[in-house]
Structure formats: C-alpha cells, structure tokens
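Working notes for the structure below.
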Amino acid sequence: MPRKYSHIQEHEKEILELRDQGMTLREIGEKLGFTHKEMRGFLSRYNRKQRKLAAGIPPKPKGRPRKGEVREPSIAEYKYEIERLKMENELLRDFLRSTGRK
C-alpha cells in the first residue's frame, strides 16, 4: 500500500496565511496533516531564508558543485558573517564580565 506523502513546501502559502490569522502551529498541522515538529521545522527554515534574503544574501544552489567550480562569497555574506561574529563576541564579553573575569 503506497504511503500518502505531501511536501510541506507545497502548502507554504496556506501555512503562512493560517499563521497570520493567529492559528497555532499545532492547529495548522492538524488541519493540513503535518506534525507539530514538521511545522516548527518548516517555519524555522522559512524564517532563516527570509532573514538571509533581507540581508541581501542569495540562496545557495542545491546539490554538489561542479568539478573545479569555486563560488566566491558575496559582500552581503561577508557583512552577515561580520555581524554574527560581533554579536557572538559581545555575548562572550558579557559572560566573562558576569563571571568576574576581565
């Protein structure tokens, strides 16, 4: 007996509309036939993708790159990485201050 399987990406528009209406992930999942964990993972991936697009980072191509092909990171990717490292340094600095170290 074949398994009934549908990709969550096919329901992206509907999920976002229901989320905007105020439904919880569990309710949306029950309505569309997905688990809460699948819904949470989808929303996490979607938000990550939107943050990168807002920062000007183009989506990475899927699959294995061609032999000999080297992709240079864009300026937006470098800026995103610098901001991430600045936040990480600030977090570590605050942690060291709270523990009484310099």
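Going by my numbering, the first residue of the sequence shown is number 68, and it counts up by one from there.
Quick reminder that beta carbons are idealized off the backbone N, C-alpha and C, glycines included.
Taking the C-beta atoms as reference points, residue 92 is found no nearer than 7 Å to residue 74.
According to the DSSP assignment, residue 75 belongs to no alpha helix (DSSP H), since it is labelled neither H nor E.
Residue burial annotation: residue 106 is buried, with at least 16 other C-beta atoms found within 10 angstroms of its C-beta. Spanning the alpha carbons of residue 94 and residue 83 requires a straight line of approximately 13 Å.
One Cα belongs to residue 129, the other to residue 166, and the distance between them is close to 43 Å. Residue 142 and residue 159 have their C-alpha atoms some 26 Å from each other.
DSSP, reduced to helix, strand and coil, places residue 124 outside both helices and strands of the structure shown, so it counts as coil. Apart from sequence neighbours up to five positions away, the residues of its chain that approach residue 144 with a beta-carbon distance below 7 Å are 124, ordered along the chain. Within 10 angstroms of the beta-carbon of residue 108 lie fewer than 16 other beta-carbons, which makes it exposed.
For residue 77, the closest of 88, 89 and 113 by C-alpha to C-alpha distance is 113.
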